[in-house]
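**Student:**
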Amino acid sequence: MPARDPRKLRPRRAALAAGTAVTALLATGCASNDAPEAEYRADGTIRVVVAMAAGGGSDRSARAVSGALNGNDAGYSTVVENREGGGGAVGWSYFYGLAGEPQHLLVAETALHTLPRQEGVDLPFTYEDFTPIGMFAEDSRLVVAPADSPYDSCAELIEASADEQLFSGVSGTYGADGMVLTRLEQAGLEANRVPFGSSGEVVTAMLGGLLDLAPASAASVKGYIESGDFKGLCTLSEERIDDEVMGSIPTALEQGVENGTVLMWRGVLAPGDLSEQARDYWVEQLRKAVQQDAFADYMEADMLTPKELYGDEFAAYLDEYDEDIAGYFG
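Reminder that position 119 of the sequence shown reads as 119 in UniProt numbering, one-by-one numbering, no gaps.
1) When DSSP labels each residue in this structure, what does arginine 141 get in the three-state scheme?
2) Which residue wins for smallest C-alpha separation from alanine 219, given the options Ala74, Asn72 and Val143?
3) I need the straight-line Cα distance from glycine 67 to valine 257, nearest angstrom please.
4) Using CA atoms only, rank isn't needed, just tell me which of Tyr96, Gly100, His104 and Gly56 is closest to valine 79.
5) Do glutamine 255 and residue 365 come within 7 Å of each other at the CB atom, strictly closer than that value?
6) Distance, Cα to Cα, glycine 86 vs glutamate 119?
7) Rounded to whole angstroms, how far is the Cβ of aspartate 177 from the Cβ of proline 215, which I believe are closer than 8 Å?
8) Shortest alpha-carbon distance to glycine 44 belongs to which of Gly56, Glu164 and Ser77?
9) One question on the structure: do phenylalanine 167 and valine 194 come within less than 7 Å of each other, judged by their Cβ atoms?
10) Count the CB pairs spanning the region 305 to 317 and the region 126 to 139 that are closer than 8 Å, and state whether there are at least three.
11) Could you tell me the boundaries of the alpha helix (DSSP H) in which threonine 78 lies?
12) Determine the DSSP secondary structure at serine 198, reduced to helix, strand or coil.
13) With respect to the beta strand (DSSP E) encompassing valine 49, which residues constitute its N-terminal and C-terminal limits?
14) Quick check on this structure: which residue in Ser275, Leu210 and Leu233 has the alpha carbon closest to the alpha carbon of arginine 141?
So this is what it looks like as structure tokens:
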């Protein structure tokens with residue numbers, strides 16, 4: 001087997017490997033002979049990959065990040081690539097094959113943890129095979145139904161599902177929407193899951209009368225609640241949404257749904273085996289990007305909770321999150 005390039009290290013092992021290498025070099029008196037690695041600076045076209053279809057929350061995140069990075073005026077330009085399919089598997093598998101390539105970024109979220117845990121899913125990677133750059137937000141979900149639905153709360157929906165055949169849309173199958181349904185199923189909900197490629201497709205299906213309920217982001221359905229097309233049954237947040245319209249929707253916890261919360265992260269990763277210089281470069285670029293007014297407007301419009309973690313801190317968060325996620329699959 002060929003030796004791995006020592007300059008390109010998996011994020012979890014980089015610090016330990018670097019310390020070991022320095023110790024060895026000092027011990028042999030060779031440290032002064034090693035030339036420092038050339039500084040990385042992006043140029044040309046940077047491809048921002050999103051593993052979900054256009055029109056949904058993941059796509060909006062990718063386009064907001066792409067636009068903000070372009071706003072840094074740092075000598076590169078970004079374009080968004082939607083590589084949807086398989087609940088994220090198509091796009092993430094593609095990104096996994098880009099190991100060591102610093103000219104690509106991935107805007108991702110919670111489904112990166114949940115998809116590999118699904119029964120029958122066999123993937124060659126986990127979140128650990130990518131390089132954490134930064135997290136910029138936490139997000140949650142609510143459950144909506146058509147305005148003429150006979151149910152006014154998630155508690156009523158759960159009770160009725162024992163006798164009624166219900167159909168729920170789910171965007172991405174294995175992401176936050178799937179986690180919402182899992183939580184409700186653990187509380188007694190019985191519903192048929194109908195998968196879609198994006199939250200935009202779920203909204204279209206519900207407008208067409210094809211669904212009885214659906215988890216959704218606040219941003220994707222607020223306009224339909226205001227227009228009277230949908231009604232909110234409950235939120236899966238710890239507290240009510242801080243919004244004049246959405247704040248009237250009670251939480252699942254208020255309705256007595258045990259463990260009725262779902263929290264997801266949104267952030268940016270780079271391919272695995274990335275050089276430390278390239279990782280640090282993109283960390284600083286993302287730090288600058290999320291400070292822009294246009295990005296703040298996106299965060300407000302999507303009703304996201306700002307939470308910034310970068311590099312090693314983001315990596316530690318992902319490790320802890322992955323442990324916590326096991327509770328959805330027990």
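Just so you know, even glycine gets a beta-carbon here, dropped at the ideal spot from N, CA and C.
Since the model is a prediction, treat every value here as computed from it, not as a measurement.
**Tutor:** In brief:
1) coil
2) That would be Val143, whose Cα lies nearest to the Cα of alanine 219.
3) 39 Å
4) His104
5) There is simply no residue 365 to check, as the chain begins at 1 and stops at 330 in what is shown.
6) 14 Å
7) 4 Å
8) Ser77
9) yes
10) yes
11) Taken as a continuous stretch (DSSP letters only), threonine 78 belongs to no alpha helix (DSSP H), being part of the beta strand (DSSP E) at 76 to 82.
12) coil
13) 44 to 50
14) Considering only alpha carbons, the answer is Leu233.
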